[in-house]
Amino acid sequence: MSAAAGARSRWSCAGATQDSGSPSSTCRSSATSRRTRIAAASLADRTPFVAGDFFADRLPEGHDTVLLSNILHGWSEADARRILALCTDVLPADGTLIICESFVGNDKRGPAPAALMSLNMLVETWGRNYTAAEYTSWLREVGLRTERVLPLDGAPTTAALVARKVRP
Ligand SMILES: C[S@@+](CC[C@H](N)C(=O)[O-])C[C@H]1O[C@@H](n2cnc3c(N)ncnc32)[C@H](O)[C@@H]1O
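Number 131 in UniProt numbering belongs to position 131 of the sequence shown; there are no gaps in the numbering.
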């Protein structure tokens, strides 16, 4: 367990409840906003919400893709790698894992918005913005191969890294 373990958030904006029994207003409004958007896109019938703590609860199985959207930047390298391993565990062979983040360039010299957000993460959390090369190397260790990194225009998300689970 890392030093951060005692202070870990137990929240998921998919609707988890806190030890006190009710979600924070930020998480609740965020989850509500997602439900509203999903309903507006007529996807509610195939988009269930499952509450849980990814460090304590096994992730849902039976899906061919896991999307980690702006999750990993909040965690130390050790915890980010642990989350990647937990996600890989529930993917079938050939399953896809997508990481949407604000990526720092592989030379770690920018771009400035990603670097500034990374500084913010270093101050406020145990994480930072990682590079595609770092993710690729961590993913390889848990049995996934990076296939592509697609640029995205959705601040703070700058790209989606798409990786495939390699058959054993
Ligand atoms: C920066 S938000 C990203 C939210 C959303 N995925 C997005 O892209 O806008 C980080 C999310 O991680 C969730 N989270 C933090 N710790 C968690 C844990 N231990 N298990 C599950 N979710 C967690 C928080 O509830 C929050 O929704």
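Heads up, the beta-carbon is just placed ideally off N, CA and C, and yes, glycines get one too.
| Check | Outcome |
| --- | --- |
| For the region 103-112 and the region 71-83, state whether three or more C-beta atom pairs, one from each stretch, are separated by less than 8 Å. | no |
| Comparing the CB of N120 with every heavy atom of ligand 1, is any distance shorter than 7 Å? | no |
| Could you check the C-alpha separation between D153 and D53 for me, to the nearest Å? | 29 Å |
| Which runs of the beta strand (DSSP E) spanning at least 3 residues fall entirely within the UniProt domain "O-methyltransferase C-terminal" (37-144), listed in chain order? | 65-69 and 96-101 |
| Is S69 a contact residue of ligand 1, with contact defined as CB to any heavy atom under 7 Å? | yes |
| Cβ of L122 within 8 Å of Cβ of I99? | no |
| Would you say residue 170 and A80 are within 8 Å of each other, going by their C-beta atoms? | Lying before the first or after the last residue shown, residue 170 is absent from the chain, which here runs from 1 to 168. |
| When the distance is taken between beta carbons, is R145 closer than 8 Å to R128? | no |
| Tell me whether P60 is buried or exposed, calling it buried when 16 or more other Cβ atoms sit within 10 Å of its Cβ. | exposed |
| On the DSSP bridge assignment, give the partners of P151 in chain order. | A159 |
| For V142, is the classification buried or exposed, using 16 other Cβ atoms within 10 angstroms of its Cβ as the cut-off for buried? | buried |
| Do you know offhand how far L86's Cα is from R58's? | 8 Å |
| Compare the C-alpha of Y135 against each of F49, A112, R82 and R167 and name the closest. | R82 |
| If you run the structure through DSSP and keep just helix, strand and coil, what is R35? | helix |
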